[in-house]
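Residue numbers (our numbering), protein chains in the order written: chain A, 2 to 163; chain B, 211 to 425.
What follows is the structure in structure tokens.
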């Protein structure tokens, strides 16, 4: 992978990748693995980018698809999706960001299903329903209803913790 | 909770440049942990292993005086190489830049097709392999001695294809058991390694479909 590609085409969008990878991981080590995997896949897929969509949309898609199908080898040698439900104490330990509110929000997001995590992350990134539908390959009409339900769940999680 | 989640997000990420990207280590040569890549890698390794394995089998069998059995196993392994190559070619549809739904659906379709192709052939491979082993066994010197010993201990006039009827029946039963469980054996093997991922994939697709369907 040319370092120029990483510097020019990935690093300026690292924020997107970081935000998504954080939602699917519970430890710093896993987060770094996911981040690198996403970068690797963006580079590998760059020739498939047809410029019909924006580069940022492409990065969102790859980041989400990679996080959804990442295969983590646990220390025991067992292979599993790391985003499988983990005990609350593991999730709550996360101090990934300097901002406590964000850590609290991520902690709640990690209680959602993987699909719902994707939907809410895109919503919080101020994507329109059409953009969310395009990235996820779903129906824009259903996104609004799903977001309302997710927000309700998140508020409940956060309120219960407060 | 006083702030809305939108406010929490906005205030938390006032400046994206404050987010520090992790240090990337030898990114260019990194081995992918993506399940699709891992499976593709497995197919590519399978092809090499099958070619080397079948040649080694032929040489080893020739050295112990069973070249025809070695050749037979080589021929039996050939379709597995063809299947692995075909499945590798079919994988071009699984671009990670697709929408999540298309990506998961294409991956799932490819996976199901691959499993079907392999398990379909294993249903034939295992019984034929076992049949070859039996044929080699009973026609060898050692096999002849065992049959003679059996005939001495349990004499019978009923001989089928040169075997005492009870040995013939026992071997036939084993072949039928192999035929019956060849597919299950392959799937069990696959499930031990990838079972949780497959289950997770099913759940993801189910959830994605619900998102497309419900209003």
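We treat Cβ as the ideally placed atom computed from N, Cα and C, and that holds for glycine.
In this text, all values refer to a predicted model and were calculated from it rather than measured experimentally.
Judged by beta-carbon spacing, residue 298 of chain B lies beyond the 8 Å limit of residue 260 of chain B, meaning their Cβ atoms are not closer than that value.
Contact of residue 114 of chain A with chain B is assigned, a C-beta pair being separated by under 8 Å. When Cβ-Cβ separations below 8 Å define contact, residue 248 of chain B makes contact with chain A. For residue 62 of chain A, the nearest CB of chain B lies under 8 Å from its own CB, placing it at the interface with that chain. With distances taken between CA atoms, residue 405 of chain B lies nearest to A/72 out of A/137, A/145, A/72, A/152.
For residue 337 of chain B, the secondary structure class from DSSP, reduced to helix, strand or coil, is helix. Interface flag for residue 319 of chain B against chain A is unset, since no Cβ pair is found closer than 8 Å.
Interface flag for residue 244 of chain B against chain A is set, since a Cβ pair is found closer than 8 Å.
The secondary-structure analysis by DSSP pairs residue 374 of chain B across a beta bridge with B/369. A distance below 8 Å separates the beta carbons of residue 130 of chain A and residue 141 of chain A. Our two residues, residue 36 of chain A and residue 62 of chain A, have alpha carbons roughly 14 Å apart in a direct line. Straight-line measurement puts the Cα of residue 397 of chain B at about 10 Å from the Cα of residue 326 of chain B. For residue 229 of chain B, the residues of chain A that pass the 7 Å Cβ criterion are 15, 16, 19, in the order they occur in the chain. No Cβ of chain A is located within less than 8 Å of the beta carbon of residue 252 of chain B. Assignment of residue 401 of chain B by DSSP, reduced to helix, strand and coil, places it in the helix class. Under a criterion of Cβ atoms nearer than 7 Å, the residues of chain B adjacent to residue 147 of chain A are, in order, 421.
Using a 10 angstroms sphere on the CB of residue 362 of chain B, the tally of other CB atoms stays under 16, which defines it as exposed. Residue 360 of chain B is positioned such that its CB atom lies closer than 8 Å to that of residue 374 of chain B. In the displayed model, residue 61 of chain A falls within a helix according to three-state DSSP.
Annotation for residue 109 of chain A: 155, 158, 159 place their beta carbon closer than 6 Å to its own, counting only its chain and skipping 5 residues before and after.
When Cβ-Cβ separations below 8 Å define contact, residue 301 of chain B makes no contact with chain A. Residue contact with chain A for residue 400 of chain B: absent (no Cβ-Cβ distance below 8 Å to any residue of chain A). The CB of residue 329 of chain B never comes closer than 7 Å to any CB in chain A; the least such distance is about 21 Å.
Around the CB of residue 275 of chain B, fewer than 16 other CB atoms lie within 10 Å, so the residue is classed as exposed. Between residue 56 of chain A and chain B, the shortest Cβ-Cβ separation is not below 8 Å.
Chain B places a beta carbon closer than 8 Å to that of residue 37 of chain A, counting this residue as a contact. From the listed residues B/354, B/337, B/420, B/422, the smallest Cα separation to residue 387 of chain B is found for B/337. Straight-line spacing of the CA atoms in residue 415 of chain B and residue 126 of chain A works out to 23 Å. Contact between the region 35 to 52 of chain A and the region 286 to 298 of chain B is not established, with fewer than three Cβ pairs separated by less than 8 Å. Rounded to the nearest angstrom, the Cβ distance from residue 279 of chain B to residue 342 of chain B is 6 Å, consistent with a contact under 8 Å.
Along the region 116 to 130 of chain A, the positions whose C-beta sits under 7 Å from a C-beta of chain B are 116, 119, 125, read in chain order. In the three-state reduction of the DSSP assignment, residue 7 of chain A falls in the helix class, which pools H, G and I.
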